[in-house]
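Heads up: the sequence shown begins at 1 in our numbering, then just goes up one per residue. Beta carbons are placed, not taken as given, at the ideal position from N, Cα and C, and that holds for glycine.
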Amino acid sequence: MFDEFDEDEWIEDEGDDEEDVLACPRCGREVHEDTQQCPYCGDWIIPIDPRDRPRRTIWIVAVVLVIAGLLLAVIL
(Lines of atoms letter the chains of each structure in order from A and count residues from 1; the text may use other names and numbers.)
(Lines give C-alpha, C1' and ligand atoms only; values in the text may rest on other atoms or scores of the structure.)
Protein backbone atom coordinates (compact mmCIF):
# COMPACT_ATOMS: atom_id res chain seq x y z
CA MET A 1 0.00 0.00 0.00
CA PHE A 2 2.73 2.50 0.93
CA ASP A 3 6.08 2.81 -0.81
CA GLU A 4 9.13 2.42 1.35
CA PHE A 5 10.48 5.72 2.63
CA ASP A 6 14.12 6.47 1.95
CA GLU A 7 15.34 9.12 4.40
CA ASP A 8 18.38 10.03 2.26
CA GLU A 9 16.10 10.78 -0.69
CA TRP A 10 13.97 13.05 1.51
CA ILE A 11 17.02 15.03 2.67
CA GLU A 12 18.18 15.52 -0.92
CA ASP A 13 14.76 16.81 -1.97
CA GLU A 14 14.66 19.17 0.99
CA GLY A 15 17.97 20.74 -0.08
CA ASP A 16 16.62 21.47 -3.55
CA ASP A 17 13.74 23.53 -2.16
CA GLU A 18 16.07 25.85 -0.24
CA GLU A 19 17.53 27.15 -3.50
CA ASP A 20 14.09 28.20 -4.76
CA VAL A 21 13.27 30.64 -1.96
CA LEU A 22 13.74 34.35 -1.47
CA ALA A 23 13.02 36.76 1.37
CA CYS A 24 9.80 38.77 1.37
CA PRO A 25 10.75 42.48 1.12
CA ARG A 26 8.20 43.40 3.80
CA CYS A 27 8.32 40.71 6.51
CA GLY A 28 11.61 39.00 5.60
CA ARG A 29 10.21 35.47 5.74
CA GLU A 30 11.29 32.96 3.13
CA VAL A 31 8.81 32.40 0.31
CA HIS A 32 9.04 30.32 -2.85
CA GLU A 33 10.54 32.30 -5.73
CA ASP A 34 7.46 31.73 -7.93
CA THR A 35 5.13 33.20 -5.30
CA GLN A 36 3.40 36.40 -6.38
CA GLN A 37 2.08 37.33 -2.92
CA CYS A 38 3.61 36.59 0.49
CA PRO A 39 1.43 34.05 2.35
CA TYR A 40 2.50 35.54 5.70
CA CYS A 41 2.04 39.31 5.35
CA GLY A 42 0.14 39.56 2.04
CA ASP A 43 2.66 41.89 0.40
CA TRP A 44 3.14 41.45 -3.33
CA ILE A 45 6.46 39.94 -4.39
CA ILE A 46 7.55 41.95 -7.41
CA PRO A 47 10.95 41.13 -8.85
CA ILE A 48 12.80 44.34 -9.69
CA ASP A 49 14.99 44.37 -12.75
CA PRO A 50 18.25 46.12 -11.78
CA ARG A 51 18.25 47.90 -15.14
CA ASP A 52 15.05 49.75 -14.14
CA ARG A 53 16.59 51.44 -11.10
CA PRO A 54 18.71 54.05 -12.95
CA ARG A 55 15.68 55.10 -15.01
CA ARG A 56 13.62 55.57 -11.88
CA THR A 57 16.39 57.66 -10.30
CA ILE A 58 16.64 59.85 -13.39
CA TRP A 59 12.89 60.50 -13.35
CA ILE A 60 12.91 61.41 -9.66
CA VAL A 61 15.79 63.84 -10.16
CA ALA A 62 14.07 65.36 -13.21
CA VAL A 63 10.80 65.91 -11.33
CA VAL A 64 12.59 67.48 -8.36
CA LEU A 65 14.50 69.84 -10.67
CA VAL A 66 11.32 70.86 -12.51
CA ILE A 67 9.52 71.59 -9.23
CA ALA A 68 12.52 73.55 -7.92
CA GLY A 69 12.65 75.52 -11.18
CA LEU A 70 8.94 76.34 -10.98
CA LEU A 71 9.26 77.47 -7.36
CA LEU A 72 12.25 79.63 -8.23
CA ALA A 73 10.35 81.19 -11.16
CA VAL A 74 7.36 82.01 -8.92
CA ILE A 75 9.54 83.55 -6.20
CA LEU A 76 11.52 85.75 -8.60
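Query: Would you list the one or two residues that DSSP bridges to Glu-30?; Result: Ala-23
Query: Just how far apart, CA to CA, sit Gly-69 and Gln-37?; Result: 40 Å
Query: Please report how far the alpha carbon of Leu-72 lies from the alpha carbon of Val-61, in whole angstroms.; Result: 16 Å
Query: Nearest-angstrom Cα distance between Pro-39 and Glu-30?; Result: 10 Å
Query: For Cys-78 versus Arg-55, is the C-beta spacing smaller than 8 Å?; Result: Residue 78 lies beyond the range of the chain shown here (1 to 76); nothing can be said about it.
Query: What does Trp-44 pair with, by DSSP beta-bridge criteria?; Result: Gln-37
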